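For reference, the structure discussed in these notes is given below.
In the numbering used here, the protein residues as written are 13 to 225.
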């Protein structure tokens with residue numbers, strides 16, 4: 013049983029990782045309106061269509077904290093590869109800390125290498141809990157530091173978190189575009205959380221764990 017049915021998830025992923033581009037086809041309705049208003053267009057208007065971003069880098073964190081959702085991660089990546097295609101689609105597994113080393117697949121082999129920023133204009137999709145389930149808080153600090161670095165270089169990282177909204181903190185929402193990947197979620201980027209967000213009580217955490225199991 014997936015976290016969210018693919019029919020619900022796919023349009024969201026497609027919209028969030030797409031860009032609006034002008035195509036060669038003329039925009040006939042717009043051209044007719046311009047002429048009907050007595051104006052002479054300087055150039056023929058062209059249609060604008062929503063297309064996949066040319067380059068998408070996916071960073072996946074397979075941690076013990078979210079081990080229950082590894083199959084959801086894998087199914088999402090397989091479906092994206094099938095429907096989007098492999099051109100400009102790079103999947104990298106985060107090793108230890110974000111922004112350090114990653115594991116990538118090349119043919120039948122895996123390779124470890126230093127993480128690098130994608131090309132300018134590309135999109136970054138992150139599959140992780142952003143350290144919010146780490147009781148020590150160290151992983152969350154690493155992710156926040158990494159997210160601020162991405163923002164400073166002009167990227168707006170999108171994160172799919174397999175967590176309800178109540179786990180998010182104000183600082184996390186300020187740095188990342190967070191989409192809660194849960195059954196009750198509306199699958200839209202979270203704009204705001206209360207100051208109490210992220211304060212996970214033991215009783216509630218136990219209930220969540222039992223539900224997942």
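We put the beta carbon where it would ideally sit given N, CA and C, even for glycine. As the structure is a computational prediction, the values presented were derived from the model and not from experiment.
Secondary structure at residue 164: helix, using DSSP grouped into helix, strand and coil.
The alpha-carbon separation between residue 223 and residue 160 amounts to approximately 33 Å. If you look at residue 45, you'll find it isn't in any beta strand (DSSP E); it sits in the alpha helix (DSSP H) that goes 40-48. When the beta-carbon positions are compared, residue 106 and residue 73 come within less than 7 Å of each other.
Note that the stretch 176-183 does not touch the stretch 116-134; fewer than 3 beta-carbon pairs, one per stretch, sit closer than 8 Å. Contact between residue 103 and residue 89 holds: CB atoms are separated by about 6 Å, below the 8 Å threshold. Under the 8 Å Cβ criterion, the stretch 129-136 does not count as touching the stretch 78-87, having fewer than three qualifying pairs. Per DSSP, the unbroken alpha helix (DSSP H) holding residue 26 starts and ends at 18-28. In this structure, DSSP gives residue 189 an extended state, which the three-state scheme calls strand.
Excluding sequence positions up to five before and after residue 48, its CB lies less than 6 Å from no other CB in the same chain. Contact check between the stretch 91-101 and the stretch 146-161: fewer than three CB pairs, one atom from each, fall below 8 Å, which does not count as touching.
Between the alpha carbons of residue 148 and residue 38 lies a distance of about 57 Å. Pairing residue 141 with residue 172, the inter-Cα distance amounts to about 8 Å.
With respect to residue 174, residue 81 sits close: the two C-beta atoms are nearer than 7 Å.
Among the bridge pairs identified by DSSP, residue 58 is matched with 38. Note that the C-beta distance between residue 155 and residue 110 is below 7 Å. The beta-bridge partner set that DSSP reports for residue 138 consists of 71, 171. With contacts defined by Cβ atoms closer than 7 Å, residue 191 and residue 199 form a contacting pair.
For the pair residue 17 and residue 225, the Cα-to-Cα distance works out to about 19 Å. Around the C-beta of residue 65, 16 or more other C-beta atoms lie within 10 Å, and the residue is accordingly described as buried. Here DSSP, grouped into helix, strand and coil, assigns residue 126 to strand. Here residue 145 is near residue 77, since their CB atoms are less than 7 Å apart. With distances taken between CA atoms, residue 166 lies nearest to 136 out of 136, 183, 13, 195.
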